[in-house]
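Trainee: Residue numbers (mature numbering (1 follows the signal peptide of the UniProt record, and there is no 0)): -19 to -1, 1 to 349. Think of the CB as a built atom: it goes at the ideal place given N, C-alpha and C, for glycine as much as any other residue. Computed from a predicted model, the values in this text were never measured in an experiment.
1. Quick check: the stretch 287 to 300 against the stretch 236 to 248, are at least 3 beta-carbon pairs closer than 8 Å?
2. Report all residues from its chain with a CB closer than 7 Å to the CB of residue 106; omit the five preceding and five following residues, and keep chain order.
3. In whole angstroms, what is the alpha-carbon distance linking residue 119 and residue 57?
4. Residues in the same chain with beta-carbon distance under 6 Å from residue 39, minus the five sequence neighbours each way, listed in chain order, please.
5. How big is the Cα-Cα spacing for residue 261 and residue 274?
6. May I have a chain-ordered list of the alpha helix (DSSP H) segments no shorter than 4 residues that lie completely inside the stretch 126 to 181?
7. Please report the distance separating the alpha-carbon of residue 329 from that of residue 54.
8. Specify, as a first and last residue, the run of the beta strand (DSSP E) that residue 256 falls within.
9. Less than 7 Å between C-beta atoms, sequence neighbours within five positions excluded: which residues of the same chain meet that for residue 195?
10. Between the stretch 276 to 290 and the stretch 218 to 235, do three or more beta carbon pairs fall short of 8 Å?
11. For the alpha helix (DSSP H) containing residue 86, list its first residue and its last residue.
12. Would DSSP call residue 241 helix, strand or coil?
13. Please say whether residue 221 and residue 162 have beta carbons closer to each other than 9 Å?
14. Using CA coordinates, which residue listed in 252, 76, 197, 181 is at the minimum distance from residue 211?
15. Taking only runs that begin and end inside the stretch 28 to 95, name each unbroken alpha helix (DSSP H) of 4 or more residues, in chain order.
So, in C-alpha cells, the structure goes:
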C-alpha cells in the first residue's frame, strides 16, 4: 500500500506456535525451520504493527517520547513486532541526502528506534527502500543516476541499471554495518532486529512476467546475506501470483504487478514469505461481501502454498480496510489505529494477543 498507518501484521503458520512476552526472553535472533519461526529454540508466533514514521519522528530528540509511548502501548496490548522504514531518500529531512551521503541526525533517530524497541521487547522488521515515491523510493534512485548521466527512461530501471543497483547495495551496507550510537551494537549484530525487507511492495509494470524482479531479488538477497547472516530476510511482496503457477493467477485482483509469489519466495536467501491485502483498494467496485470473500480466498491460497510448495513461514505483513468517508482524502489515511480513540479495537487486539499467548504457553515445551 502506498500510504499506510498503524496496520497489523500477523504470521499465518501451519501449526500452533510458542513465543515469550518478556523482553528478557527475546534476546536471541529469530530463525526459521520450514514453516516455523523459531526464537531461543522455541516456536515463535509473530504479531505486531506497522509504523513507517518511527525514524523520522525520533530524529527530533524532543519527540522521542512518542516512540517510547508507541512501544509501551504495543507491549501492553501483547504486540511484539514493529515494521518500519530504514530509508528516507532525498527530499525533506532525508536519511540519505544523495548516494552514500547520510544525515547523521536521521541515523541517530533510527538508532533510538532500535534501542528503544529492545527495551520493550519489540522486534523490528526494517524496510530498506520503497517501490513508491513516498520517502524517495526507486524514483529517487533513478533520478540520482539520471543526474549522473545515466540514460534512464523509467523508474523500473531501478531493477536493472548497474549504477542504480550499486547505489542501493551501498545503502544496504551502510544500514547493516551502522554502529548504533546508543547501544554500540552494529545493526547486523543486533537481535532486536527480526528481519530486513528488500523493498516495500516491489512492482515492475514494464515486465509483467516477473523475471526482472526475480533477478533483482536474487542479486540483492545474495548481497545482503554476504554482509549479514544473523537476520532473516524477506522481499516485501504483496503476494500476487505470476506465470510460474498460472492456475493461481485467478486468485489475483484483476491486475498484474510484475512479481511472482511462488518463484520470488523460492529464492534460497529469502527466509519467509509475505502477503499484503487491501480488498477495498483492489476491488473498488465490489461489495463488502465480495471483498471479504476475496480476502478469505487470498489467505487460504497463500497458506496452502507455504504448506505444499514453499515450506517457509508466511507473514501477513499489511492489511486493512479504510474507514474514511468520501471526500476526506486530505486527512488521516483511514487505516491507522489510535488505541485511545478506538477502545473497542484496542480491547480486541489485547484479547487476541492474550489468546495467542495462552496457545504459546500450552506448547512451551515444544522445542526445535
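Mentor: So, from the listed chains and residues:
1. Between the stretch 236 to 248 and the stretch 287 to 300 there are three or more C-beta pairs closer than 8 Å, enough to call the two in contact.
2. For residue 106, where only same-chain residues beyond five positions count, the Cβ hits under 7 Å are 62, 64, 175, 176, 178.
3. 36 Å
4. 45, 48, 90, 93, 94
5. Cα atoms of residue 261 and residue 274: separation of roughly 12 Å, rounded to the nearest angstrom.
6. 143 to 157
7. 14 Å
8. Residue 256 -> beta strand (DSSP E) spans 254 to 258.
9. Short of 7 Å from the beta carbon of residue 195, and not among the five residues preceding or following it, lie these beta carbons of its own chain, in chain order: 241, 244, 245.
10. yes
11. 85 to 100
12. coil
13. Contact flag unset, no.
14. 252
15. Within the stretch 28 to 95, the complete alpha helix (DSSP H) segments of 4 residues or longer fall at 35 to 39, 45 to 57, listed in chain order.
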